[in-house]
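Here's the structure we're looking at; comments come further down.
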Amino acid sequence: MSLLNAIDPVIAGLLSKEYERQQHTLSLIPSENIASEAVLEALGSVASNKYSEGYAGKRYYGGNEIIDQIESLAVERAKTLFGMEHANVQAYSGSPANQAVYLALLQPGDTVMGMALPAGGHLTHGWKVNFSGKIYKAVQYGVDEKGFLDYDAIASLALQEKPKMIICGATAYSRVIDFKRFREIADSVGAYLLADISHIAGLVVGGVHPSPAPYADVITTTTHKTLRGPRGAIIMCRTTELGTKIDKAIFPGLQGGPHNQTTAAIAVCLEEASQPSFQTYAKQIVENAQALASELTAHGFSLVTGGTDNHLLLVDLTNKGLTGQQAEDALNEVGIIANKNMIPGDPRSPFDPSGLRIGTPSITTRGLNSEDMKTLAKIIASVLENREDSSIIATAKKQVLDLCNRYPAYPR
Ligand SMILES: Cc1ncc(COP(=O)(O)O)c(C=O)c1O
C-alpha cells in the first residue's frame, strides 16, 4: 500500500492494522470469510470509475463496452453455477437484493411470511423494525422447542394467513432447509417462494447442501459469506417474466449505477467457486463444523438442535452460567471472534442473549482441519470456563496465535 501510505497515512495505517487483526485472530463469525487476493484485486480495480446505469447493451452512459462483458460474464457464471435461468448481479448487498424481490413481486400491505429473527431468520424476512415488516404485513414462523423448523406448523400458518410470498433461508439455523417442502407449502396457498441462501450459497455450489433451484421462484444470495467473494449479492429466478420484474426493481426501482468493481469481483469468485477445489472446501467447512460441534458437546456445551448439518453451530450457554455477551468478550480477549446470538425461545434480550453463534467458513479457508477443531474446542472450553484465570487466558492467547501463524489468512 505504498501509494496509499504516501497520500493518506492515517487510512493506510488503519487498513494495515485491520490486516494484522485479521491475520492474528480467528473469525468464527459464520457470515464472514476471507476473499482471495484475486477477488480483492478486482475490487480495487478501475471498474470502480465507470457509471453503468442499465444492463448490458442497454446503458444510460457511453463507454460501457468492457463493463458489459464483465457483467455478462458474472451473470452467465451465476446462472451456470446455480442452475437458474436469469441472474441479476447488481444489488449492492443482501438486504437490497431482498428489498428488490419485494418490490418486484408485491404491493405494499401484501402478506409475506418469513422466519422470525429470534428464531434464526434475517431482518429482511419480515422483522418488525425492517422495511419488510413495516411496509408489508409480515407473518413470522419460528422453530420447535428443539430448534428445528417445524414444517407442519409452517404449513398451517400459511393456510391461515395466505401470504403472497414465503421466504425460506436463515441467518442462524444449523440444519438442512427442506426447499421441496417449502415449495409444497407455497403451492398450497399460491405463494411465491423466495429462497435466501446468503449463508449457505457456497455449500449449495459445493454440493453439500441441497439446492433450492428446482423449487424456488427466486433465489437471493450474498456473495461474501460461504461463497467467499466480495460484499455483494445475486438475485436469480426461473422465468424471463420474473427476471424482467426483478431487473426493473433493481434499476430503476431501487438503485442507480451498479458497482462494477464488485461485479468484476463477483465474476472472479464465481470462477473460483466453479473449481473442483471449491467442492473440497465446502465439504471441509461442514466437516469442521461437525467436528467442532462434537468436541464442544464433549466439553459439556449444549447445542441448539444438538448439532449441525452446515457451516454453523448455535451454542446455548445457559448450562455454563454465561451469557452470549460474556462469552463473546472472553473469546475476543484471546483472539477468537465469535458473535452472541439469540437462541430459540430466548428469555434474555438481543443485547445480551443466551447463545453464541460459531461458524467455520473463514477458518476453513485458512486451512484448519477437523483435527484442529479438537484444539480449537479445547481453547474455547478453557477460556469460557476460566474467564478469570489470567494464566489460562494467556496460554489460550498463545495457542490462538500459534494457529493463526500456522494458517495465515493471507500468506505473506
Ligand atoms: C440470510 C441473510 N439474508 C440477507 C442478509 C443481508 O446481507 P447484507 O448484510 O449484505 O445486507 C444476511 C446477512 O447476514 C443474511 O444472513
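Using our numbering, you'd call the opening residue of the sequence shown number 1070 and step up by one each time. Built from N, CA and C at the ideal position, the CB exists for glycine as well. Given the structure is predicted, the values throughout are model-derived calculations rather than measurements.
- Taking the CA atoms as reference points, Phe1200 sits about 7 Å from Thr1193.
- Of all alpha-carbon atoms in Lys1447, Met1305, Thr1292, the one lying nearest the alpha-carbon of Ala1342 is that of Thr1292.
- In terms of Cβ geometry, Gly1301 and Ser1105 do not form a close pair [threshold 8 Å].
- By the 16-neighbour rule on beta-carbons within 10 angstroms, Gly1259 is exposed.
- Setting aside the 5 residues that flank it on each side, Asn1388 is surrounded in the same chain by Ser1371, each with a C-beta closer than 6 Å to its C-beta; the list follows chain order.
- Taking a contact to require three or more Cβ pairs closer than 8 Å, the region 1428-1443 and the region 1356-1368 qualify as touching.
- Judged by the Cβ position, Arg1300 qualifies as a neighbour of ligand 1 at the 7 Å threshold, a heavy atom of the ligand being closer than this.
- Nearest to Gly1271 by alpha-carbon distance, out of Tyr1261, Tyr1350, Trp1196, Ala1255, is Tyr1350.
- Assignment of Asp1265 by DSSP, reduced to helix, strand and coil, places it in the strand class.
- Inside the region 1300-1353, DSSP marks whole beta strand (DSSP E) runs of 3 or more residues at positions 1302-1306, from first to last along the chain.
- Contact between the region 1324-1340 and the region 1280-1299 is present: 3 or more CB-CB pairs across the two stretches fall below 8 Å.
- Distances from the CA of Asn1401 to each of Gly1322, Pro1177, Ile1449 were compared; the closest alpha carbon is that of Ile1449.
- When the five nearest sequence neighbours on each side are left out, the beta carbons in the same chain lying within less than 6 Å of the beta carbon of Leu1172 are those of Ala1318, Gly1322, in order along the chain.
- For Lys1203, the enclosing alpha helix (DSSP H) stretches over residues 1200-1203.
- Less than 8 Å separates the beta-carbon of Gly1404 from that of Thr1094.
- A distance criterion of 7 Å places the beta-carbon of Ser1267 in contact range of ligand 1, judged by its closest non-hydrogen atom.
- Less than 8 Å separates the beta-carbon of Val1245 from that of Pro1279.
- Between Thr1434 and Ile1136, the gap from beta carbon to beta carbon reaches 8 Å or more.
- Note on the region 1235-1265: whole beta strand (DSSP E) runs with a minimum of 3 residues are 1261-1265, in chain order.
- When the alpha-carbon of Pro1187 is set against those of Leu1425, Arg1307, Thr1332, Gln1324, the nearest one is in Leu1425.
- Rounded to whole angstroms, Asp1265 and Ala1185 show a C-alpha spacing of 14 Å.
- A distance below 7 Å between beta-carbons, with the five flanking residues on each side excluded, links Arg1128 to the following residues of its chain, in chain order: Ser1121, Glu1122.
- In this structure, Thr1331 has its beta carbon at no less than 7 Å from each heavy atom of ligand 1.
- Taking C-alpha positions only, Thr1289 is separated from Val1144 by approximately 13 Å.
- Annotation: Met1234 to Val1208 spans about 10 Å, alpha carbon to alpha carbon.
- Between Gln1324 and Pro1177, the C-beta spacing is not below 8 Å.
- For Val1452, the enclosing alpha helix (DSSP H) begins and ends at 1439-1454.
- Set against 7 Å, the gap from the CB of Ala1239 to the closest heavy atom of ligand 1 is smaller.
- Excluding five sequence positions before and after Phe1217, the CB atoms of its chain that fall closer than 8 Å to its own CB belong to Arg1244, Thr1374, given in chain order.
- Taking a cut-off of 8 Å on C-beta distances, the region 1080-1094 does not touch the region 1105-1120, as fewer than three cross pairs fall below it.
- In this structure Tyr1242 is in contact with Gly1189, their Cβ atoms being roughly 4 Å apart against a cut-off of 8 Å.
- Around the beta-carbon of Ala1333, 16 or more other beta-carbon atoms lie within 10 Å, marking it buried.
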